[in-house]
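**Q** There's a structure below that I have some questions on.
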Amino acid sequence: MRRLFSTFADGLPGAGLLVLRLFLGGALILGAIGAVLHGSIIAAIANALAAIAGVFLLIGLWTPVVGAIVAVTELWMVLLLPQELRLHFLQAIFGIGLAMIGPGVWSLDARLYGWRRLEIPARKS
Numbered sequence: 707m708r709r710l711f712s713t714f715a716d717g718l719p720g721a722g723l724l725v726l727r728l729f730l731g732g733a734l735i736l737g738a739i740g741a742v743l744h745g746s747i748i749a750a751i752a753n754a755l756a757a758i759a760g761v762f763l764l765i766g767l768w769t770p771v772v773g774a775i776v777a778v779t780e781l782w783m784v785l786l787l788p789q790e791l792r793l794h795f796l797q798a799i800f801g802i803g804l805a806m807i808g809p810g811v812w813s814l815d816a817r818l819y820g821w822r823r824l825e826i827p828a829r830k831s
């Protein structure tokens, strides 16, 4: 899994990635709730998949893989619901961006797969 990340951005870039993950994850979940209640079955399935991906983005788990899934799902939604073209296209672009950049330092990915510092105690002689 470490091969998917070059580094985990911290500081302001890491905060920016956190904001992007929170925005996209929240938008996917809220959009799915409305679509499941008022949409067709096929759109509900696609939105349920997007909502699951949104939860993974909120916690920052498997972000590159989930970002790609979001991009494919949202581009599928462009074909299903052409009246909401801008929204789904924008969410697909955010998903592609997060898939390429990664989750940032404030994520579960960074905790699970980030570099660790090992302290080797001095040898007693």
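Mapping of the sequence shown onto the working numbering: position 118 corresponds to residue 824, and the numbering continues sequentially without gaps.
From the three backbone atoms N, C-alpha and C, an ideal C-beta is built for every residue, glycine too.
Quick check: what's the CA-CA separation for Glu790 versus Phe800?
**A** When rounded, the distance between both Cα atoms is 16 Å.
**Q** Would you say Arg817 reaches chain C, if we count a Cβ-Cβ gap shorter than 8 Å as a contact?
**A** Note that chain C does not occur in the displayed structure, where there is just one protein chain.
**Q** Compute the Euclidean distance between the alpha carbons of Gln797 and Leu730, then round it to the nearest angstrom.
**A** Roughly 7 Å between the two C-alpha positions.
**Q** Quick check on the burial criterion: 16 or more other C-beta atoms within 10 angstroms. Buried or exposed for Arg727?
**A** Buried, because 16 or more other Cβ atoms sit within 10 Å of the Cβ of Arg727.
**Q** Assign Pro827 to one of two classes, buried (16 or more other C-beta atoms within 10 Å of its C-beta) or exposed (fewer than that).
**A** Classification for Pro827: exposed.
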